[in-house]
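Position one of the sequence shown corresponds to residue 881 (the numbering used here), numbered consecutively onward.
So the structure is just underneath, and the comments pick up after that.
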Amino acid sequence: MSVFKVGNATITRIEETYLPVYPPADIFPDLTKALLSEHVHWLAPNHYDPNSNKLLLSVHSWLLQLDGRKILIDGCCGNQKSRPQRPHWHMLNTPWLDRLAAAGARPDEIDLVMCTHLHHDHVGWNTQLKDGKWVPTFPNARYVFSKLDFDYFRKLDSDPATAPTEFGSFRECVVPVVEAGRADLVTGPHVLNEFIEILPAGGHSPGHFYFRLKVGGDRAMITGDVFHHLLQVLYPDWNFPKNSDPQEARVSRRRMFDEAAASGALVFPGHVGAPFAGQIEKTGSSYKPRF
Ligand SMILES: [Zn+2]
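Below you can see the structure in the form of C-alpha cells.
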C-alpha cells in the first residue's frame, strides 16, 4: 500500500487495477520508437512494459485522512459495471472495498467523496448494486461533483444519439447519488474548507477539477486526469486521447504544472504508475517529474 504524508494528513492510494493497457503509438502519436528507447530506462517497468509494448495505467482512488475526516477522491470503475467497450475494466470484481478498509475507512466512515471529473473510471464506486438498484456506496457521505461536468454529461445522456453517455456510468454512478440528495454540484474555484480548494482545470472534460490541499506549510495537489502519464510532464503538449477541448487541456496542464513547480506541492495524479505521487520541476519551457 502506498501511503504519503502531507503535514499531518495521510493520503493512501487505493488500487483498483494497474495494468499494461495501451500501445504507446495509439496514445502519443509523437512518441517514436527512437524517443521511446531514449526514455525506456526510467519508464520500465512502472510506466511502460517492454514485453507487451504497452503503457501502464493505474486506476486508483486517493483516501485523504485529516483531523478525523475521511475523504475519498475519485471512485475508479467499480465492481459489476458492464463496460464491454473497455475490456480491462469490464465487470470487475476487485477487493477495492477491502483495500479501502485496510487503509482505514469503512464505507460508512467516508464523510466526503470528491470526483475530479465525471468520466466512468472516476465515478464507479460512487454506487453499488443492491437488490438490482444502484445506490450510494457511502451512506453518510456528501459527494462533490463538478456542475459543468454534470450539465455536460446530463445533456449527452438525454440525447438518444449519445446516450447512455460514459458507457452508462452517468446514470449508474452519478444520477443515483443526485437523486438520493447526496450531491453538491460545485463550480470552481471554490474554497471547500480550511484545507481544500477546488480549482477548475478543464479540457479533458469541460468541468474537470483539481484539488489543492494546504496543511500547515505543506501542500498537495490531487490532479485527476490533467495528465495521465509521466511522459506528459516532459512533453506537456501531448494529450491523452478523449478530451472535450484538446487545446484547453494543454493550457490547464501547463498551469497546473507551473503551480506544482512553484509551490513544491506533492502531486497525486489519477493514473500515473509507481511510485504514484511526486513533484514537478520546471526546466525552461518544459518540466521534469520527480516521482
Ligand atoms: Zn481517468
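Quick reminder that beta carbons are idealized off the backbone N, C-alpha and C, glycines included.
These numbers come from a predicted model, not from an experiment.
Check: Where do the N-terminal and C-terminal ends of the alpha helix (DSSP H) with residue 922 fall, by residue?
Finding: 913–923
Note to self: Tell me the rounded alpha-carbon separation between residue 1101 and residue 951.
What the structure shows: 14 Å
Next item on the list: Tell whether a beta-carbon distance below 8 Å holds between residue 1018 and residue 998.
Entry: no
Notebook entry, point to check: When a residue counts only if its C-beta is closer than 6 Å to some heavy atom of ligand 1, which residues count, in chain order?
Noted result: 999, 1001, 1002, 1105, 1150 and 1151
Next item on the list: Rounded to whole angstroms, what's the CA-CA distance from residue 1164 to residue 1141? Just pull it up for me.
Entry: Residue 1164 and residue 1141 have their C-alpha atoms roughly 12 Å apart.
Next item on the list: Drop a sphere of 10 angstroms on the beta-carbon of residue 986, count the other beta-carbons inside from all chains shown, and report buried for 16 or more, exposed for fewer.
Entry: Exposed, because fewer than 16 other Cβ atoms sit within 10 Å of the Cβ of residue 986.
Notebook entry, point to check: Quick one, which of 919, 941, 916 and 1082 has its alpha-carbon nearest residue 1157's?
Noted result: 941
Check: Could you give the distance in angstroms between the alpha-carbon of residue 1027 and the alpha-carbon of residue 915?
Finding: Residue 1027 and residue 915: Cα-Cα distance of roughly 40 Å.
Check: For residue 1166, which residues of its own chain have a beta-carbon under 7 Å away from its beta-carbon, when the five flanking residues on both sides are left out?
Finding: 1114 and 1116
Check: Along the chain, which unbroken stretches of the beta strand (DSSP E) at least 3 residues long are found entirely within the segment 970–1003?
Finding: 992–994
Check: So, using beta-carbon positions, are residue 1002 and residue 1037 closer together than 8 Å?
Finding: no
Notebook entry, point to check: Where are the beta strand (DSSP E) runs, 3 residues long or more, that stay fully inside the segment 1085–1119, in chain order?
Noted result: 1089–1095 and 1098–1104
Next item on the list: Report all residues from its chain with a CB closer than 7 Å to the CB of residue 964; omit the five preceding and five following residues, and keep chain order.
Entry: Once the five neighbours on either side are set aside, the close Cβ partners of residue 964 are 970.
Next item on the list: Count the other C-beta atoms from every protein chain shown that fall within 10 angstroms of the C-beta of residue 994, then say buried if there are 16 or more, exposed otherwise.
Entry: buried
Next item on the list: Output yes or no for whether 8 Å exceeds the beta carbon distance between residue 968 and residue 911.
Entry: no
Check: Nearest to residue 901 by CA position, among 1079, 1151 and 1093, is which residue?
Finding: Checked all of 1079, 1151 and 1093; the closest Cα to residue 901 is 1151.
Check: In angstroms, rounded to a whole number, what distance separates the CA positions of residue 1078 and residue 1030?
Finding: Approximately 16 Å, taken between the alpha carbons.
Notebook entry, point to check: How is residue 941 classed by DSSP in three states: helix, strand or coil?
Noted result: strand
Note to self: Please report the straight-line C-alpha distance between residue 1059 and residue 1050, rounded to a whole angstrom.
What the structure shows: Here the alpha carbons of residue 1050 and residue 1059 stand approximately 12 Å from one another.
Checklist line | Residue interval of the alpha helix (DSSP H) (run including residue 1008) | finding: First-last for residue 1008: 1007–1010, but that is the beta strand (DSSP E), not the alpha helix (DSSP H).
Checklist line | Cα-Cα separation between residue 1127 and residue 1062, rounded to whole angstroms | finding: Residue 1127 and residue 1062 have their C-alpha atoms some 33 Å from each other.
Notebook entry, point to check: DSSP state of residue 1026, grouped into three classes?
Noted result: In the three-state reduction of the DSSP assignment, residue 1026 falls in the strand class.
Check: Can you tell me the Cα-Cα spacing of residue 1108 and residue 1094, whole angstroms?
Finding: 23 Å
Next item on the list: Report the rounded CA-to-CA distance for residue 1105 versus residue 1096, giving the unit in angstroms.
Entry: 26 Å
Check: Exposed or buried, what is residue 1010 when buried is set at 16 or more other beta-carbons lying within 10 Å of its beta-carbon?
Finding: exposed
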